[in-house]
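Numbers given in my numbering equal positions in the sequence shown, counted from 1, plus 802.
Quick notes on the structure that follows.
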Amino acid sequence: MSERHGVQEATLRNWANLGYITSCRMGNQLFLDDESLTAYLEAHKRLGLQADYLAKIVEEKKLERDFIISRYDDLLYVLRTQKTCKPLYEIIIRELSQLIVHPGARDIFYSISMGESIEKVAGRHRITYDRALQIYNSHLRGLKVRKNVLATYRKHIIDARFQSLADKSKNINLNQEERVLQLSVGKVADTRLTNVLYKEEIRTVGQLLELVSGKGWRWLLKMEGVGRISYDRLLSNL
């Protein structure tokens, strides 16, 4: 049988011991089932398990292995980065949420963005799950549209700071949008807040930005007659 099939006898014995082909023993004599051996050899031929084919399969599996390892390496890197940057994300999300005027919507956006369960947030605000998700997605789209708003605030504050310095030193070269700074506060604040600011001799956007550059935006809430609604509208309009 070894000569007929062109397979070494030791190989046949090994296949029999591994159970690849049907066999039986009578004393020290090993008998192989010819049909089982033929079927096993034919199966190998159909699969094309020649040496070069096996080498190709091994190479492909190595590439798959490397791809899987690289993917999990990237995932681990992302997880480590997220843990490191979590405090920064919290600050950014908190500042972005301040751009949302309505307190309820602001809390929904902030809570969901920080990972709180949508179902829990919806229950706290006594709305449906779908409604909470709708509010969140709506404000997320709005913030994407107004993606430059933080940079705009920063520029206004910096310009106001330079304006303050310019009052002390005329040698500073200013490069700012004078038209914006000279706007009346009535253009960005409601009537109630405008009247309060006028009493404090704050009549232009430039004067307002100069004030908050040193004391912070929330200082406005400490001014007599300034409510939360007026404050939120001001931030929304700037």
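All residues carry an ideal CB built from backbone N, CA and C; glycine is no exception.
Treat the numbers as computed from the prediction; the structure is a model and nothing was measured.
Query	Result
Top-ranked residue by Cα proximity to W817, from Q831, L843 and I893	L843
Beta-carbon spacing of I910, Y931 below 8 Å	no
Strand pairing of L865, partner residues [DSSP]	DSSP, once it has assigned bridges, lists no residue as partnering L865.
Per-residue DSSP class, three states only, for L1037	helix
Residue from I1004, R1035 and L999 with nearest C-alpha to G1027	L999
Which of helix, strand or coil DSSP assigns to Q831	strand
8 Å Cβ cutoff met for V1014 and L983	no
Alpha carbon of E921 to alpha carbon of L942, nearest angstrom	18 Å
Simplified DSSP assignment, three categories, for S913	helix
Endpoints, the alpha helix (DSSP H) within which V925 is located	Residue 925 is actually Gly in this sequence, not Val. From DSSP, the alpha helix (DSSP H) with G925 extends over I920 to R926.
Same chain, Cβ closer than 6 Å to R908, five either side skipped, listed in chain order	S899 and I902
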